[in-house]
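Notes follow once the structure below has been shown.
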Amino acid sequence: MGNGQGLAGKTVIAGVGQTEYGKRGAMKGRTELSLLLEAITRAAEDAGIPLDEIDGFTSFGFERHEPVLVQATLGIPELRHSSIVWGGGGGGSTAAIMNAAMAVATGLCRNAVVYRSICQGQYERYGQFRPRPAFGAFCSPFGLMTPAQMTALTTRRHMHLYGTSRDHLAEIALTFRRHAQRNPKAIMYGKPLDRETYFAARRIADPFHLYDCCLETDGACAVVITSADRARDLANQAVKLLAVAQASGPRWSLGPMGTHNMPVDDYASINSKAVGRLVFEQAGLTPSDIDVAQIYDAFTGLIPMALEDYGFCGRGESGDFIAAGNLSWPHGGLPSNTSGGLLSEAYLHGMNLVIEGVRQMRGTSTCQVEGAETCLVTSGGGGGHKSAAILGR
Amino acid sequence: MSYFPDEMPVPVAGPDDGPFWEACRKRELRIQCCADCGTFRHPPVPVCYHCRSQNTDWKQVSGDGEVFSYTIATHPTHPAVKSMASYNVAVVMLDGAGDVRLISNVMEIADENLSIGMRVKLCWDQLSDGQLVPRFVPAQENAHG
Ligand SMILES: [Zn+2]
Numbered sequence: 015m016g017n018g019q020g021l022a023g024k025t026v027i028a029g030v031g032q033t034e035y036g037k038r039g040a041m042k043g044r045t046e047l048s049l050l051l052e053a054i055t056r057a058a059e060d061a062g063i064p065l066d067e068i069d070g071f072t073s074f075g076f077e078r079h080e081p082v083l084v085q086a087t088l089g090i091p092e093l094r095h096s097s098i099v100w101g102g103g104g105g106g107s108t109a110a111i112m113n114a115a116m117a118v119a120t121g122l123c124r125n126a127v128v129y130r131s132i133c134q135g136q137y138e139r140y141g142q143f144r145p146r147p148a149f150g151a152f153c154s155p156f157g158l159m160t161p162a163q164m165t166a167l168t169t170r171r172h173m174h175l176y177g178t179s180r181d182h183l184a185e186i187a188l189t190f191r192r193h194a195q196r197n198p199k200a201i202m203y204g205k206p207l208d209r210e211t212y213f214a215a216r217r218i219a220d221p222f223h224l225y226d227c228c229l230e231t232d233g234a235c236a237v238v239i240t241s242a243d244r245a246r247d248l249a250n251q252a253v254k255l256l257a258v259a260q261a262s263g264p265r266w267s268l269g270p271m272g273t274h275n276m277p278v279d280d281y282a283s284i285n286s287k288a289v290g291r292l293v294f295e296q297a298g299l300t301p302s303d304i305d306v307a308q309i310y311d312a313f314t315g316l317i318p319m320a321l322e323d324y325g326f327c328g329r330g331e332s333g334d335f336i337a338a339g340n341l342s343w344p345h346g347g348l349p350s351n352t353s354g355g356l357l358s359e360a361y362l363h364g365m366n367l368v369i370e371g372v373r374q375m376r377g378t379s380t381c382q383v384e385g386a387e388t389c390l391v392t393s394g395g396g397g398g399h400k401s402a403a404i405l406g407r
Numbered sequence: 005m006s007y008f009p010d011e012m013p014v015p016v017a018g019p020d021d022g023p024f025w026e027a028c029r030k031r032e033l034r035i036q037c038c039a040d041c042g043t044f045r046h047p048p049v050p051v052c053y054h055c056r057s058q059n060t061d062w063k064q065v066s067g068d069g070e071v072f073s074y075t076i077a078t079h080p081t082h083p084a085v086k087s088m089a090s091y092n093v094a095v096v097m098l099d100g101a102g103d104v105r106l107i108s109n110v111m112e113i114a115d116e117n118l119s120i121g122m123r124v125k126l127c128w129d130q131l132s133d134g135q136l137v138p139r140f141v142p143a144q145e146n147a148h149g
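Each protein sequence line maps, in turn, to chains A and B. Offset between the first sequence (1-based) and the working numbering: plus 14. Offset between the second sequence (1-based) and the working numbering: plus 4.
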């Protein structure tokens, strides 16, 4: 499988590690760094690779822990690669895997860990106003303060153009919450959601109400990348990285996290047409070859736009695709966010979606798609560039 | 009266957008455009994305436009807006400025009456530090439609 372009097939995800996930503030007495070190240690253990042999360290925008600090804290003798993907939030999570895979594939380092740690109990809250990195003068004085409001604007336009409705958004929220009911690691495990409660919830930023918005989570995730050669000797099942890519389309800039001057034709999108094309080309696959997907769902409204950008349906056709139950495990055509996603499992800027992708390829998901051989993992829905990976069995 | 309470963040001009805010203080809405090929761009940056010229004009526009998208924000995400039950944020496509859109607010309208495509016109709103910022009100043609 794969046509040998780019990084296709050269590296694997050898191990994954996560801490317990908690609602922001729930990790009493734990620092963000301690969560991170736990996740990295677990990922190395899961891979069966000694921590001393982890010599690459990659993350993405908003990460607060510089690799040399992580290396020194863990007593790792030598660092050979460190990098961070630009941009805030989730658009960089699989791009950080891409950087790790590049470093491993070229032999610059042997084993690289990709990580994200968030402790909103210790630091700022994502659901509250934070000064913008750029162009804030054109946003904050007009009340555009948070990602919910920013992506509400692109979602509203998508609804206007294509008839996407709150019923479609409800179907997404309810489906992913149902998946979370089978996942004991999910924050919303044991907390089912019904239609009535969904529609009765308080409004956050129209068209988004409470259950259209992701969780605010404290926790950490880490993933260990190694070479396809090394993978043969490992105890645990390594997952193939069939493709991984990063892209941004023309004039997208910061997109909804900036001043909303994206090209008019791309406005009601998540800027992922290019990365979708690249990742499928690299793997030598098409959307119909994907058995299961983990789609970046910081807000329900990102899902219809993602389905169209990645080519699972035509422009404007995602409402019908969703209404037909395609996202639902086990019978949908494209079971998605099978751990509960960012809406109902945890919000680790998409790194938890990568871990669920690995579980699907190992056959260990709590909503396991029978015989699944390919999993698409997408990163980002709001500002800046986007990235994606296709994992293989 | 300003659309938001006084505690709201005020614009802090960066290196490239000073002329925009300066024009606002004179009640002029000026959008950056390329002095060579005429392409409008926003937010202000030093080079034209179309022809890459750094020769820059600031063209005055009428401030008429239409709502390109909008949201009604209810959840208070900043201390300044805690006293407001809700407010709107609108992306306004300006007339006569290519595809330039401004993030702003439509005043003098009930939440439920906002819609994509509705015509709006410019009004000036003074902030706590004296800065004038462009906001919008429904255009007459909507009021009777
Ligand atoms: Zn030009």
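By construction, the Cβ of each residue, glycine as well, lies at the ideal position given by its N, Cα and C atoms. Computed from a prediction, not measured in an experiment: that's the story for all the values here.
Which residue comes first and which comes last in the alpha helix (DSSP H) that contains residue i?
i	result
Arg34(B)	Where Arg34(B) is concerned, there is no enclosing alpha helix (DSSP H), although the beta strand (DSSP E) it sits in stretches over 34-38.
Val141(B)	Per DSSP, Val141(B) belongs to no alpha helix (DSSP H); it is in the beta strand (DSSP E), 136-142.
Ser73(A)	Premise fails: Ser73(A) lies in the beta strand (DSSP E), 70-74, not in any alpha helix (DSSP H).
Asp61(B)	Careful: Asp61(B) lies outside any alpha helix (DSSP H), inside the beta strand (DSSP E) at 60-64.
Tyr129(A)	Taken as a continuous stretch (DSSP letters only), Tyr129(A) belongs to no alpha helix (DSSP H), being part of the beta strand (DSSP E) at 126-132.
Ile111(A)	107-119
Gly383(A)	Here residue 383(A) is Val; the residue named in the question, Gly, does not match the sequence. It is not in any alpha helix (DSSP H) - Val383(A) carries neither H nor E in the DSSP assignment.
Asp334(A)	332-337
Ile317(A)	316-323
Met375(A)	365-376
Val278(A)	It is not in any alpha helix (DSSP H) - Val278(A) carries neither H nor E in the DSSP assignment.
Ser358(A)	355-358
Phe24(B)	22-29
Tyr212(A)	209-214
Just list the residues that DSSP pairs residue i with in beta bridges.
i	result
Gly406(A)	Lys254(A), Thr388(A)
Gly69(B)	Leu98(B), Val124(B)
Gly31(A)	Ala236(A)
Ala245(A)	Its beta-bridge partners do not exist; DSSP assigns none.
Arg105(B)	Met97(B)
Phe222(A)	Ala219(A)
Val76(B)	The sequence shown places Ile at residue 76(B), rather than the Val named in the question. According to DSSP, which records beta bridges pairwise, Ile76(B) is partnered with Asn92(B).
Ala259(A)	Ala402(A)
Cys227(A)	Phe313(A)
Val350(A)	The sequence shown places Ser at residue 350(A), rather than the Val named in the question. In DSSP, Ser350(A) forms a bridge with Ala307(A).
Phe44(B)	Cys37(B)
Thr165(A)	DSSP lists no partner for Thr165(A).
Val26(A)	Thr240(A), Lys254(A)
Sorted by chain position, which residues of the same chain lie with C-beta nearer than 8 Å to residue i's C-beta, five sequence neighbours on each side aside?
i	result
Pro23(B)	Arg34, Gln36, Pro48, Trp62
Ala40(A)	Gly135, Asp232
Val278(A)	none
Gly149(B)	With a pLDDT of 44 at Gly149(B), under the threshold of 50, the predicted position of this residue should be treated as unreliable, and no value is reported.
Lys86(B)	Pro80
Ala89(B)	Thr78
Go through its chain and collect everything with a Cβ distance to residue i's Cβ below 6 Å, but skip five positions before and after it.
i	result
Gly16(A)	Low confidence applies here, because Gly16(A) scores a pLDDT of 46, under 50, leaving its location unreliable; read the following figure in that light. Ala22, Gly23, Leu256, Ala297, Gly298.
Pro161(A)	Gly396
Val306(A)	Pro349, Gln374, Val383, Ala386, Cys389
Val104(B)	Ile35, Phe44, His46, Leu98
Met12(B)	Ala84
Gly36(A)	Asp232
Leu183(A)	Asp226, Thr314
Ala61(A)	Ala28, Gly29, Val238
Ala101(B)	Ile35, Phe44, Val65
Gly398(A)	Gly101, Gly105, Leu268
What residue range does the beta strand (DSSP E) around residue i cover?
i	result
Thr45(A)	Segment: none, Thr45(A) is in no beta strand (DSSP E) and carries neither H nor E.
Ala218(A)	It should be noted that the sequence gives Ile, not Ala, for residue 218(A). 217-219 is the extent of the beta strand (DSSP E) around Ile218(A).
Ala307(A)	306-308
His95(A)	95-99
Report all residues from its chain with a CB closer than 7 Å to the CB of residue i; omit the five preceding and five following residues, and keep chain order.
i	result
Arg373(A)	Ser379
Gln19(A)	Glu295, Gln296
Glu34(A)	Gly233
Val289(A)	Ala259, Gln260, Ala261, Lys400, Ser401, Ala402
Leu65(A)	Thr55, Ala58, Leu88, Ile90
Ser6(B)	Asp129, Gln130, Leu131
Glu67(A)	Arg124, Asn125
Arg139(A)	Arg38, Glu230
Met159(A)	Phe143
- Within the structure, which residues are defined as neighbours of ligand 1 by a Cβ-heavy atom distance below 6 Å, reported in chain order? Cys38(B), Asp40(B), Cys41(B), Thr43(B), Cys52(B), His54(B), Cys55(B), Ser57(B)
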